[in-house]
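Convert by adding 52 to the 1-based position in the sequence shown; the result is the number in the numbering used here. Heads up, the beta-carbon is just placed ideally off N, CA and C, and yes, glycines get one too. This structure is a prediction, so every number in the text was calculated from the model and none was measured. Okay, so here's the structure we're looking at.
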Amino acid sequence: WGGEILRCDLAGFERLAHLEPVPLPGGEAAIREPWRMAAVYLERADRPVPFERWPLVRKALNVNAPLSSGMGRLFDAVAAVLGVRDETSYEGQAAIELEQLASDRRADPYPWRFGDGAALVRAVHDDLAAGRAREEIAAAFHESVAAGAAEACAAAGEPRTVVLSGGTFQNVRLLAATTTRLEAHGFRVLSHRLVPPNDGGLSFGQAAVAAARTSAA
């Protein structure tokens with residue numbers, strides 16, 4: 053799970069769209085070493101994989117490689133493709149440094165359908181190979197995720213309120229870009245102020261759902 057658009061209330065949910073699941077080579081190691089996610093996405097994108105350890109790690113894909121559709125892993129992959137960070141020392145480091153690379157650069161989004169992470173990595177790889185500045189590519193990636201999410205919500209139609217939640221939305225640039233694009237589609241956009249958007253807010257949500265179910269029983 054992760055990287056998804058849900059239509060939901062306290063009684064239940066419907067999964068409307070999500071990133072295509074990809075394996076996490078080595079399980080938790082793929083979170084600590086973003087190059088592993090870059091290798092998976094590059095291979096799916098039919099692009100060369102430059103990491104020397106990949107052939108050995110690839111042999112173990114059927115042993116310890118749970119599937120994930122998490123948006124954080126896509127950010128990790130792009131960070132590694134752009135040479136931002138191959139390995140991390142704390143959670144979210146690659147994504148944070150990718151956001152810093154994009155800084156306040158302006159860039160148009162890639163043509164991208166929400167869900168196809170490999171297509172987005174392919175676009176990033178090809179721009180890098182063509183000599184485009186890494187800062188511009190990082191900015192285009194952020195805009196692409198924002199645009200893809202907004203367009204997927206617009207295709208879903210109702211309800212007209214969208215909540216932006218999950219650890220990825222600790223990324224200030226992504227949050228601002230997604231909010232702007234959703235509002236342009238006429239949505240009311242809610243984001244976190246008192247409760248953290250990452251796993252720190254899970255217990256609050258669980259309590260809210262439990263309370264709703266208890267009162268309905």
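Residue i in three-state terms, based on DSSP
i    : result
A146 : helix
G183 : coil
A247 : Going by the sequence as given, residue 247 is Val instead of Ala. V247: coil per DSSP, three-state reduction.
E188 : helix
P100 : coil
L108 : helix
V92  : helix
L119 : strand
V74  : strand
V136 : coil
F127 : helix
R265 : helix
R151 : This sequence places Glu at residue 151; Arg is not what is there. Correct three-state label for E151: helix.
Cβ pair residue i, residue j closer than 8 Å
i    : j    : result
P77  : A117 : yes
Y93  : A170 : yes
F239 : A204 : no
A260 : L58  : no
D128 : P86  : yes
V197 : L226 : yes
R137 : E151 : no
T213 : L246 : no
P75  : L108 : no
G200 : G122 : no
A97  : V173 : yes
E187 : R157 : yes
V133 : L180 : yes
H194 : A229 : yes
R99  : E139 : no
Rounded separation between residue i and residue j - CA only
i    : j    : result
W106 : A90  : 10 Å
G135 : A192 : 16 Å
E95  : H177 : 11 Å
G253 : E80  : 22 Å
R67  : E56  : 7 Å
T220 : E104 : 29 Å
S267 : G209 : 29 Å
A175 : A185 : 13 Å
N114 : L126 : 21 Å
Beta-bridge pairing of residue i - partner residues as DSSP gives them
i   : result
L58 : R67
Proximity test, Cβ basis, 8 Å: residue i and chain C
i    : result
T220 : Among the protein chains of the structure shown there is no chain C, as only one such chain exists.
Margin query: Restricting to runs no shorter than 4 residues, where is the alpha helix (DSSP H) found entirely within the stretch 198 to 243?
Written below: Residue ranges of uninterrupted alpha helix (DSSP H) with 4 or more members, entirely inside the stretch 198 to 243 and ordered along the chain, are 224 to 236.
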